[in-house]
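Everything on this sheet refers to the single structure shown next.
Spelled out as structure tokens, the structure:
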């Protein structure tokens with residue numbers, strides 16, 4: 012009966028303590044994936060801007076085109092050749108949808124045997140989580156109090172040769 016109560020208390024206490032931390036870890040990993048995608052996008056944009064700056068620095072045709080477009084300076088009419096812009100546009104890549112972090116294989120195998128319920132509502136929401144922790148702790152205390160190690164009222168012989176008077 013003792014181990015049954017300890018197991019029952021563990022079934023409520025362990026998920027109440029670990030599941031919110033696991034969800035927080037998953038959220039951090041997904042935020043990390045988004046940050047890495049933003050860093051990669053910014054690095055591509057930096058490389059594109061660096062190429063454009065280098066073209067402005069060394070190519071007179073780019074300087075003339077920028078002068079006409081941005082400053083409104085008209086250069087003498089002549090023959091123009093249209094050239095495609097350098098590289099893809101800045102935001103050509105689709106937005107990243109982060110992939111959720113998968114649990115270890117042994118946890119996934121264990122969870123696959125559980126019923127498909129909303130465990131986050133019970134073990135992660137503040138109010139039900141608090142109730143689960145209190146109930147599990149109470150069951151654990153009951154197990155310790157009722158079925159814990161019992162001491163004898165009168166001490167028995169400590170060695171085989173001792174006689175109790």
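Residue numbers (this note's numbering): 12 to 176.
By construction, the Cβ of each residue, glycine as well, lies at the ideal position given by its N, Cα and C atoms.
(message) So, for residue 31: in the same chain, excluding its five sequence neighbours on each side, which residues have a beta-carbon less than 8 Å away from its beta-carbon?
(response) 134, 135 and 140
(request) Count the other CB atoms, across all protein chains shown, that sit within 10 Å of the CB of residue 12; report buried if there are 16 or more and exposed otherwise. (result) exposed
(message) Just to check my reading of the structure: residue 109 and residue 44 have Cβ atoms closer than 8 Å, yes? What is that Cβ distance to the nearest angstrom?
(response) The Cβ separation is near 4 Å, so the contact holds.
(message) Check for me: the alpha helix (DSSP H) holding residue 84 runs from which residue to which?
(response) Neither: residue 84 is in no alpha helix (DSSP H) and is coded neither H nor E.
(message) Within 8 Å of any Cβ in chain C, is that where the Cβ of residue 58 sits?
(response) Judged by its chain identifiers, the structure shown contains no chain C, having just a single protein chain.
(request) Could you tell me how far apart the beta carbons of residue 150 and residue 53 are, in whole angstroms, since I believe they sit closer than 8 Å? (result) 53 Å between Cβ atoms; not a contact.
(message) Within the continuous alpha helix (DSSP H) that includes residue 142, where are the two ends?
(response) 137-158
(request) Would you kindly work out how many angstroms separate the C-alpha atoms of residue 145 and residue 154, rounded to a whole number? (result) 14 Å
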